[in-house]
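Below: the structure, in C-alpha coordinates.
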Amino acid sequence: MLYVVSNEPAEVQTQKCVDAFYAKNGPCCAGCDFWRWISATVGECVRFPPNHNHDAAAGLGMTSCSLPRSTTNLTKRDHWCGEFRDDPDQA
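Those letters in the sequence shown? Residues 24 to 114, by my numbering.
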(Lines of atoms letter the chains of each structure in order from A; the text may use other names.)
(Lines give C-alpha, C1' and ligand atoms only; values in the text may rest on other atoms or scores of the structure.)
Protein backbone atom coordinates (compact mmCIF):
# COMPACT_ATOMS: atom_id res chain seq x y z
CA MET A 24 0.00 0.00 0.00
CA LEU A 25 1.23 3.49 -0.81
CA TYR A 26 1.26 6.12 1.89
CA VAL A 27 1.76 9.78 1.04
CA VAL A 28 2.81 12.34 3.61
CA SER A 29 1.34 15.75 2.90
CA ASN A 30 0.74 19.00 4.72
CA GLU A 31 -2.48 19.55 2.78
CA PRO A 32 -5.81 19.17 4.58
CA ALA A 33 -7.46 15.74 4.23
CA GLU A 34 -10.29 17.28 2.18
CA VAL A 35 -7.83 18.59 -0.40
CA GLN A 36 -6.03 15.25 -0.59
CA THR A 37 -9.32 13.38 -1.01
CA GLN A 38 -10.52 15.72 -3.76
CA LYS A 39 -7.22 15.28 -5.61
CA CYS A 40 -7.55 11.49 -5.35
CA VAL A 41 -11.13 11.58 -6.69
CA ASP A 42 -10.15 13.96 -9.52
CA ALA A 43 -7.18 11.77 -10.50
CA PHE A 44 -9.39 8.67 -10.58
CA TYR A 45 -11.84 10.43 -12.90
CA ALA A 46 -9.06 11.73 -15.15
CA LYS A 47 -7.65 8.20 -15.48
CA ASN A 48 -10.93 6.28 -15.86
CA GLY A 49 -13.31 8.62 -17.68
CA PRO A 50 -17.06 9.00 -17.00
CA CYS A 51 -17.97 7.64 -13.57
CA CYS A 52 -19.39 8.91 -10.30
CA ALA A 53 -16.01 10.38 -9.31
CA GLY A 54 -16.40 12.98 -12.07
CA CYS A 55 -20.14 13.54 -11.92
CA ASP A 56 -21.58 16.90 -10.86
CA PHE A 57 -24.26 15.06 -8.84
CA TRP A 58 -21.77 13.04 -6.73
CA ARG A 59 -20.52 14.21 -3.32
CA TRP A 60 -17.64 12.16 -1.97
CA ILE A 61 -17.69 10.79 1.57
CA SER A 62 -14.27 9.17 1.19
CA ALA A 63 -11.89 8.70 -1.72
CA THR A 64 -13.85 5.62 -2.86
CA VAL A 65 -17.49 6.16 -1.78
CA GLY A 66 -19.91 9.05 -2.14
CA GLU A 67 -23.57 9.94 -2.47
CA CYS A 68 -25.56 10.84 -5.54
CA VAL A 69 -27.72 13.93 -5.01
CA ARG A 70 -29.38 13.81 -8.44
CA PHE A 71 -32.80 12.95 -7.04
CA PRO A 72 -34.65 14.29 -3.97
CA PRO A 73 -34.14 12.41 -0.69
CA ASN A 74 -36.26 9.28 -0.28
CA HIS A 75 -36.85 8.44 3.39
CA ASN A 76 -37.75 4.81 2.55
CA HIS A 77 -34.48 4.25 0.69
CA ASP A 78 -31.61 2.18 2.11
CA ALA A 79 -28.61 3.92 0.60
CA ALA A 80 -26.08 1.32 1.74
CA ALA A 81 -27.90 -1.33 -0.30
CA GLY A 82 -26.48 0.32 -3.42
CA LEU A 83 -23.04 -0.71 -2.19
CA GLY A 84 -24.18 -4.28 -1.55
CA MET A 85 -24.12 -3.79 2.23
CA THR A 86 -26.60 -5.21 4.69
CA SER A 87 -25.31 -3.00 7.52
CA CYS A 88 -23.18 0.12 7.38
CA SER A 89 -21.29 2.26 9.91
CA LEU A 90 -21.95 5.40 7.85
CA PRO A 91 -24.86 7.57 8.97
CA ARG A 92 -28.15 6.55 7.36
CA SER A 93 -28.57 8.48 4.14
CA THR A 94 -31.68 9.10 2.10
CA THR A 95 -29.66 9.48 -1.10
CA ASN A 96 -27.92 6.78 -3.10
CA LEU A 97 -24.42 5.75 -1.99
CA THR A 98 -22.15 4.58 -4.80
CA LYS A 99 -18.54 3.64 -5.38
CA ARG A 100 -16.50 6.12 -7.34
CA ASP A 101 -16.27 3.84 -10.39
CA HIS A 102 -20.07 3.49 -10.73
CA TRP A 103 -21.59 4.99 -13.87
CA CYS A 104 -25.24 5.59 -14.74
CA GLY A 105 -27.26 7.32 -17.44
CA GLU A 106 -27.59 10.47 -15.31
CA PHE A 107 -23.86 11.29 -15.54
CA ARG A 108 -23.09 14.98 -16.02
CA ASP A 109 -19.80 16.84 -16.02
CA ASP A 110 -20.43 20.51 -16.75
CA PRO A 111 -17.11 22.41 -16.90
CA ASP A 112 -18.90 25.55 -15.68
CA GLN A 113 -19.90 23.81 -12.42
CA ALA A 114 -17.44 24.25 -9.60
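Note that beta-carbon positions come from the ideal geometry of N, C-alpha and C, so glycine has one too.
| field | Residue range of the unbroken alpha helix (DSSP H) whose run includes VAL35 | value | If you number the sequence shown from 1, residue 35 lands on position 12. Run containing VAL35: 33–48, per the alpha helix (DSSP H) assignment.
| request: For the beta strand (DSSP E) holding ASN96, just list the boundary residues, first then last. | output: Here residue 96 corresponds to residue number 73 of the sequence shown, with the count starting at 1. Start and end: 96–99.
| Whose CA, out of PRO32, GLU67, GLU34, PRO111, lies closest to the CA of ASP101? | Here residue 101 is taken as the residue at index 78 of the sequence shown, counted from 1. Residue GLU67 is the option with its Cα nearest to ASP101.
| field | One or two residues paired with CYS68 in a DSSP bridge | value | In the sequence shown, residue 68 corresponds to position 45, counting from 1. Paired residue(s): TRP58, ASN96.
| message | Does ALA33 pass the burial test, meaning 16 or more other C-beta atoms within 10 Å, or should it be called exposed? | response | Position 10 of the sequence shown, counting from 1, holds the residue named residue 33. Answer is exposed; the Cβ neighbour count stays below 16.
| message | So, under 8 Å CB-CB, ALA63 and THR95 are touching, yes? Tell me the CB distance rounded to an integer number of Å. | response | Here residue 63 refers to the residue found at position 40 of the sequence shown. Here residue 95 refers to the residue found at position 72 of the sequence shown. ALA63 to THR95, Cβ: 18 Å. No contact.
| said: DSSP three-state label for ALA63, please. | reply: Start at 1 with the first residue of the sequence shown, and residue 63 comes out as number 40. Reduced to three states, the DSSP call for ALA63 is coil.
| query | Between ALA57 and ARG108, is the Cβ-Cβ spacing less than 8 Å? | reply | Locating residue 57 in the sequence shown gives position 34, where the first residue counts as 1. Locating residue 108 in the sequence shown gives position 85, where the first residue counts as 1. At residue 57 the sequence reads Phe, which differs from the Ala that was named. Cβ atoms of PHE57 and ARG108: closer than 8 Å.
| field | Local conformation of CYS51 per DSSP, three classes | value | Position 28 of the sequence shown, counting from 1, holds the residue named residue 51. Note: CYS51 maps to coil in three-state DSSP.
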